[in-house]
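Protein sequence lines correspond, in order, to chains G and A.
With the first sequence counted from 1, adding 83 to any position gets you my numbering.
With the second sequence counted from 1, adding 3 to any position gets you my numbering.
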Amino acid sequence: TDSFDYANYHTISEIYNFQDMLVRENPNLVSKIVIGQSYEGRPLSVLKFSTGANRPGLWIDTGIHSREWVTQASGTWFAKKIATAYGSDPALTAILNNMDIFLLIMTNPDGFAYTQTNNRMWRKTRKPNPGSSCVGVDPNRNWDAGFGEPGASNNPCSETYRGPRANSESEVKSIVDFVRSHGNLKSFISIHSYSQMLLYPYGYTSTPAKDQAELHSLAKKAITALASLYGTRYRYGSIINTIYQASGGTIDWTYNQGIKYSYTFELRDTGDYGFLLPANQIIPTAEETWLALMVIMKHAYKNAY
Amino acid sequence: KETFEGHQVLRITAKDEAQLALIKDLEDMIHFELDFWRGVTDVASPVDVRVPFHSLQSVKVYLETKAIEYATMIEDLQALLEKEQEEMDAVARAGGARS
Chain G
84 TDSFDYANYH TISEIYNFQD MLVRENPNLV SKIVIGQSYE GRPLSVLKFS
134 TGANRPGLWI DTGIHSREWV TQASGTWFAK KIATAYGSDP ALTAILNNMD
184 IFLLIMTNPD GFAYTQTNNR MWRKTRKPNP GSSCVGVDPN RNWDAGFGEP
234 GASNNPCSET YRGPRANSES EVKSIVDFVR SHGNLKSFIS IHSYSQMLLY
284 PYGYTSTPAK DQAELHSLAK KAITALASLY GTRYRYGSII NTIYQASGGT
334 IDWTYNQGIK YSYTFELRDT GDYGFLLPAN QIIPTAEETW LALMVIMKHA
384 YKNAY
Chain A
4 KETFEGHQVL RITAKDEAQL ALIKDLEDMI HFELDFWRGV TDVASPVDVR
54 VPFHSLQSVK VYLETKAIEY ATMIEDLQAL LEKEQEEMDA VARAGGARS
């Protein structure tokens, strides 16, 4: 994985190969867990970074909206960073000596494959919708948190189609099952692009999360760390107050499951390309995001609950 | 493979809540087949929307008649996608040569 080109976009098979290579190179630190499969049968492979048994966990996922390629590319960079920083970065080493990190790089593999073969603009899953010629569900509207309430569409042709029921998408259900069976995740970070925001629950209701004060101050710390590298400015706050009402969202569900440090990122926006971020932006984006991730993970480690 | 010849991505900026509501109305105009890359949030945040060629004129006329400011963020989407593909192909070729 030293010669993997982190500064460019890659095909799905290259990313899957990268994951396997990282596991082979670091057998005492990294393993691969297949938590389920996509509608088209692709594996949902989570990289588990672990130095011992029965640890609490920290979750990161990238690419749930398949066209946001900078997120999968950043996830690949994070994986290598975690593997190389363990043992040399004291903060990460301390975390990994006490907690596991779970990283799902390819959260929507069917969508990602489709962006590379058929339609670069594809965002949703690829499961057909009975009775409609439009395919796919927005996997960030398919979670059982305010599902079906305002902030998602019931039209299969919409980019924010919520699906026929919560967890109808295997890509979502597989994570739900994993989170429930693990039972001890302490943070859950879902990464999107673009628009430079760090958001916490809720999206489906304006009722503040009970930990809002802590989540807000931690978000501020995280975006301050992020900005320290290249000056990239982020907005932060609850989803409903910072963007708009969005129901059935990932981190609303994880927060309601008791994972206090539930956040979602919207990565870098250069103002010129939207989510078609040029490849030369991948490493700067990943580097600055890593600083914010570390702030959240360190906080979760030091503030056990 | 789906192509996007003639599609543009517009960055739309509302100056007040009334204009924001007018931009929001675009979301319901299904016949335009718009793809909101960045949705309608607040006056401080621009809206980015991919507009197919067949809707470009109508959408621009709509915005201009309502005096809503916009800029063309991506002039030629297909050209950008082709450049992206060329870069990926170059990486793949380099990778092949290495192995």
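The C-beta atom is built at its ideal place from N, Cα and C for all residues, glycine as well.
Fair warning: this is a prediction, and the values are worked out from it, not measured in the lab.
Remark: fewer than three beta-carbon pairs, one from each stretch, lie closer than 8 Å, so the segment 166 to 181 of chain G and the segment 287 to 299 of chain G are not flagged as touching. In the DSSP assignment, S330/G falls outside any alpha helix (DSSP H), carrying neither H nor E. In this structure, L268/G sits away from W160/G, with a CB-CB distance that is not shorter than 9 Å. In the structure shown, M182/G adopts coil according to DSSP, grouped into three states. Between the segment 268 to 288 of chain G and the segment 320 to 335 of chain G there are three or more inter-stretch CB-CB distances shorter than 8 Å, so the stretches are counted as touching.
In this structure, the CA atom of S48/A is about 44 Å from the CA atom of N109/G. The count of Cβ pairs closer than 8 Å, one atom from the segment 114 to 123 of chain G and one from the segment 200 to 220 of chain G, reaches three, so the stretches are in contact. Here the C-alpha atom of L376/G lies approximately 20 Å from the C-alpha atom of W336/G. If you draw a straight line from the Cα of L23/A to the Cα of E78/A, it comes to about 23 Å.
In the assembly as shown, E8/A is an exposed residue. Its beta-carbon has fewer than 16 other beta-carbons within 10 Å. When CB distances to chain G are screened at a threshold of 9 Å, the residues of the segment 60 to 78 of chain A falling below it are M76 and I77, in chain order.
Within a 10 Å sphere around the beta-carbon of M32/A sit fewer than 16 other beta-carbons, which makes this residue exposed. For chain A, the residues of the segment 267 to 278 of chain G that bring a beta carbon within less than 9 Å of one of its beta carbons are Y277 and S278, in chain order.
Here L374/G is not near A329/G, since their CB atoms are 9 Å or more apart. For S270/G, the closest C-alpha among the options T333/G, C217/G and L312/G is that of T333/G. In the three-state DSSP reduction, E349/G falls in the strand class (E or B). Identification of chain A residues near I326/G by a Cβ-Cβ cut-off of 7 Å yields T44, ordered along the chain.
DSSP places K304/G in the helix class (H, G or I) of the three-state scheme. Y356/G has a beta carbon lying within less than 9 Å of a beta carbon in chain A.
Between R96/A and chain G, the shortest Cβ-Cβ separation is not below 9 Å. For K210/G, no alpha helix (DSSP H) run applies, since DSSP gives it neither H nor E. At a cut-off of 9 Å between C-beta atoms, Y388/G does not count as an interface residue with respect to chain A.
Closest in C-alpha terms to V255/G, from the list R245/G, E232/G and W226/G, comes W226/G. Relative to T372/G, the option among N237/G, G135/G, Y313/G and R248/G whose CA is nearest is Y313/G. Within the segment 24 to 38 of chain A, those residues whose Cβ lies closer than 8 Å to any Cβ of chain G are, in chain order, I33 and D38. If you compare the alpha carbons of T315/G, S114/G and T243/G with that of S133/G, the shortest gap goes to S114/G. Residue ranges of uninterrupted beta strand (DSSP E) with 3 or more members, entirely inside the segment 151 to 203 of chain G and ordered along the chain, are 183 to 187. CA-to-CA, the gap between D88/G and E85/A works out to about 20 Å. Between G140/G and E30/A, the alpha-carbon positions lie close to 40 Å from each other.
Around Y338/G, the same chain offers P284, A292 and S345 as residues with beta carbons nearer than 7 Å, after the five sequence neighbours per side are excluded. Take the alpha-carbon of G231/G and the one of R53/A: they are about 26 Å apart.
Spanning the alpha carbons of P222/G and M189/G requires a straight line of approximately 13 Å. According to DSSP, residue pairing for Q120/G in a beta bridge involves P126/G. With respect to T44/A, I342/G sits apart: the two C-beta atoms are not nearer than 9 Å. Per DSSP, the beta-bridge partners of L282/G are G320/G and T347/G. Residues of the segment 225 to 252 of chain G with a C-beta atom less than 8 Å from some C-beta of chain A are C240 and E242, listed in chain order.
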